[in-house]
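S.K.: Listed in order, the protein sequences are those of chains D and F. Sequential numbering from 1 applies to the first sequence in UniProt numbering. Sequential numbering from 1 applies to the second sequence in UniProt numbering. Quick one: the structure is below, and I'll ask about it shortly.
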Amino acid sequence: MSFKNRNVISMKDFSREEIDYVLDTAEKLEPVARGEERSRLLDGKIISLLFFEPSTRTRLSFEVAARRLGGQVLNLGSVEASSVMKGENLADTIRVISKYADLIVLRHPLDGSARMAAEFATVPVINGGDGSVHHPTQTFLDLYTIRRESHLEGLKIAMAGDLKYGRTVHSLCHALSLYGAEMVFVSPPELRMPPEIVRDLRKQKIRVKETDSLEDIIGDIDVLYMTRVQRERFPDPDEYERVKNSLRVTGDLLKAADPDLKILHPLPRVNEISPEVDETPHARYFEQAFYGVPIRMALLALAMGVIE
Amino acid sequence: MKEKRDLKIQAIENGTVIDHITAGQALNVLRILGISSAFRETISFVMNAPGARGKKDVVKIEGKELSVEELNRIALLSPKATINIIRDFEVVQKNDVVLPSYVEGVVRCTNSNCISNSSEPIKSKFSVLQSDEEGVSLHCLYCEHVISEEIAEYLL
Ligand SMILES: [Zn+2]
């Protein structure tokens, strides 16, 4: 399986075998990501980080991944992106950066911008998040976390919080459907999973359940994937207060949980996971953040063809 | 009566007759073919003409045979339309429209945040799907939004 010159735009472009291959590669690179081993795999390669909107976590994670593999980073942060390329369309920017760098990581506020960038680029493009639709490297790292900390085969996962607008959970649902996972969606009625996604999953014979209560399901799942509920989604502040407290992971809630339950969260969190949970073996969200590094190392190395 | 109507439809020397267009869609058919006031050939059309299977529209384009790709776009709006290629007053070819699997630069994406609605030098691109339950739907190849209703309203 060769990923050389392959773009990473949407999870939907990847088969289960290809996803497994990326996860396997990440696992091999983990000691390098942790700084326990040295690697010069990307020696002489230049990776351009082209961020048109701020996302410090994603940018740092790519930067660390590139540097741990000995690559050079051309960091066109959001401020520079707006002044250096002032008035220039994205297509031209991509054509120019393609001449400087061996790979482009793009973060852009418009939906579909990474797909367009890949049309104009002569080097591989990795989507670091475009608009509100795709963030494939996040989904890869979520899958990697589930595989490392729990299991992908026969998984029972609950996703909780803002399931309506949360792109990370939409993309994760699609990817997990390739593994036949059982899914429970926990949200207030206002923020339910879009019905077309639920319908698609059922069409693929995925077992799906919807509820608004964490208590009801906490004893019956292997992974709980929490997401943030934003105040601005609620016209009524009282309703927000009610939801905020009903979808909260606390030490009390976890008394009914399976001892092997793992809790993930794409971060940053606000108050949906109380601090006392951090010290329990259930909390895996900081590990999850770290796993972004081996995953991005794997994607960089595969796309540039230094690992085949 | 039947003879007379056939005569009306075939009475062009060379060109294309698009028959059995869903009633009321003739103007949209011209738009989907990119036919505007700059078009130099003779166009005539009938709207809401009585036909054996209810009302229909008919468009006649004289002196021009349109490509299959162009004509198949009509299927987005009018899946039952038929295409007659006329040479020397004779129908030399008669085909049903076939839903294309892909359209470019025909329909605008309904997602205002889509890159295809920005000033970038690209055309909108959609894959076209058809299901029994949902009918024809267009899937934006940039942002993955789906248009399944009122496609005619988003014609470029
Ligand atoms: Zn779109």
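Yeah, the Cβ is synthetic: ideal placement off N, Cα and C, and Gly gets one too.
1. Please report the distance separating the alpha-carbon of F/A81 from that of D/R95.
2. F/G113 touches chain D at which residues, Cβ-Cβ below 8 angstroms?
3. Measure the beta-carbon distance from D/L143 to D/L23 and round it to whole angstroms, keeping in mind my assumption that it falls under 8 angstroms.
4. Sorted by chain position, which residues of the same chain lie with C-beta nearer than 8 angstroms to D/Y291's C-beta, five sequence neighbours on each side aside?
5. Cβ-heavy atom distance between F/I32 and ligand 3 below 8 angstroms?
6. Is the closest heavy atom of ligand 1 to the C-beta of F/I122 under 8 angstroms?
7. From D/P189, D/A114, D/G180, D/I263, pick the residue whose C-alpha is nearest to that of D/T250; which is it?
8. Candidates D/K12, D/Y21, D/A158: which alpha carbon is nearest D/F3's?
9. Would you mind telling me which residues of chain F sit closer than 8 angstroms to D/L201, beta carbon to beta carbon, in chain order?
10. Where are the beta strand (DSSP E) runs, 3 residues long or more, that stay fully inside the stretch 20-72 of chain F, in chain order?
11. Straight-line CA distance for D/N75 to D/P281?
12. Which whole runs of the alpha helix (DSSP H) in the stretch 51-117 of chain D are 4 residues long or more, in chain order?
13. What number of angstroms, rounded off, separates the C-alpha of D/E119 from the C-alpha of D/K12?
14. Compile a chain-ordered list of the residues in the stretch 88-103 of chain D whose CB is closer than 7 angstroms to at least one CB of chain F.
15. Classify D/M304: buried if its beta carbon has 16 or more other beta carbons within 10 angstroms, exposed otherwise.
16. Comparing the C-beta of D/M193 with each C-beta of chain F, is any distance below 9 angstroms?
17. Count Cβ pairs between the stretch 139-149 of chain F and the stretch 103-115 of chain F that sit closer than 8 angstroms; are there 3 or more?
18. Quick one: Cα of F/S67 to Cα of D/I97, how far?
19. Cβ-heavy atom distance between D/G112 and ligand 1 below 8 angstroms?
20. Give the interface partners of F/I122 over in chain D, defined as CB-CB distance under 8 angstroms, in chain order.
21. Quick one: any contact between the stretch 200-214 of chain D and the stretch 170-185 of chain D, if contact means 3 or more CB pairs under 8 angstroms?
22. Tell me whether F/H139 sits in a helix, a strand or coil according to DSSP, three-state version.
23. Less than 9 angstroms between CB atoms is the rule here; does F/V128 satisfy it with respect to chain D?
24. Specify the secondary structure class of D/F290 as computed by DSSP and reduced to three states.
25. How far does the alpha helix (DSSP H) with F/K80 in it reach, from first residue to last?
26. State the Cα-Cα distance for the pair F/N14 and D/L300, rounded to the nearest angstrom.
27. For F/E144, would you say it is in contact with chain D, using Cβ-to-Cβ distances shorter than 9 angstroms as the test?
28. Are F/V17 and F/I86 close, meaning C-beta to C-beta below 9 angstroms?
29. What residue range does the alpha helix (DSSP H) around D/L143 cover?
30. Is D/E272 closer than 9 angstroms to D/R248 when the C-beta atoms are compared?
31. Determine the direct distance from the alpha carbon of F/V59 to that of F/A23, and round the result to whole angstroms.
32. Taking F/E133 as the reference, give the member of D/L172, D/E37, D/R199 with the closest Cα.
33. What's the call for D/V123, buried or exposed, on a 16-neighbour Cβ count within 10 Å?
34. State the DSSP-derived secondary structure class of D/E215, mapped to helix, strand or coil.
35. Which of the three DSSP states is assigned to D/E239 in this structure?
36. Check whether the stretch 227-246 of chain D touches the stretch 104-115 of chain D, counting contact only when three or more Cβ pairs, one atom from each stretch, lie closer than 8 angstroms.
M.R.: Based on what the coordinates show:
1. Here the alpha carbons of D/R95 and F/A81 stand approximately 43 angstroms from one another.
2. The residue asked about is misnamed: residue 113 of chain F is Asn in this sequence, not Gly. Against chain D, a Cβ distance below 8 angstroms from F/N113 picks out P109, L110, D111, G131, S132.
3. Under the criterion of beta carbons closer than 8 angstroms, D/L143 and D/L23 qualify as touching, at roughly 6 angstroms.
4. In chain order, A26, L141, Y144, T145, R148 place their CB closer than 8 angstroms to the CB of D/Y291, counting only its own chain and leaving out the 5 sequence neighbours on each side.
5. You won't find ligand 3 in this model; what it holds is ligand 1.
6. Checking every heavy atom of ligand 1 against the Cβ of F/I122, none is found closer than 8 angstroms.
7. In terms of Cα proximity to D/T250, the closest of D/P189, D/A114, D/G180, D/I263 is D/I263.
8. Selected option, being the one with the closest Cα: D/Y21.
9. Here the premise fails: no neighbours, minimum Cβ distance about 16 angstroms.
10. You should have 43-51, 54-62.
11. Approximately 37 angstroms, taken between the alpha carbons.
12. 56-68, 78-84, 90-100, all fully within the stretch 51-117 of chain D.
13. Approximately 17 angstroms between the Cα atoms of the pair.
14. Here the close residues are N89, L90, A91.
15. Buried is the label assigned to D/M304, since at least 16 other Cβ atoms lie within 10 Å of its Cβ.
16. Not one chain F Cβ lies under 9 angstroms of D/M193.
17. Yes, the stretch 139-149 of chain F touches the stretch 103-115 of chain F.
18. Cα to Cα, F/S67 sits roughly 39 angstroms from D/I97.
19. Checking the Cβ of D/G112 against ligand 1 gives yes.
20. Below the 8 angstroms Cβ cutoff, chain D contributes A91, M116, E119 as neighbours of F/I122, in chain order.
21. Short answer: they touch.
22. F/H139 carries a strand assignment under DSSP once its states are collapsed to helix, strand and coil.
23. At a cut-off of 9 angstroms, the C-beta of F/V128 has no neighbouring C-beta in chain D.
24. Judged by DSSP in its simplified three-state form, D/F290 adopts helix.
25. Note, F/K80: premise wrong, no alpha helix (DSSP H); not H, not E.
26. Approximately 58 angstroms between the Cα atoms of the pair.
27. Closer than 9 angstroms to some Cβ of chain D, the Cβ of F/E144 qualifies, so yes.
28. Yes. Within cutoff.
29. Element bounds for D/L143: 136-149.
30. For the pair D/R248 and D/E272, the CB atoms are nearer than the 9 angstroms cut-off.
31. Spanning the two alpha carbons is a distance of roughly 11 angstroms.
32. When the alpha-carbon of F/E133 is set against those of D/L172, D/E37, D/R199, the nearest one is in D/R199.
33. So D/V123 counts as buried.
34. In the structure shown, D/E215 sits in a helix (DSSP, three-state: H, G or I).
35. In this structure, D/E239 counts as helix in the three-state DSSP scheme.
36. In this structure the stretch 227-246 of chain D does not lie against the stretch 104-115 of chain D, because fewer than three pairs of beta carbons, one per stretch, are closer than 8 angstroms.
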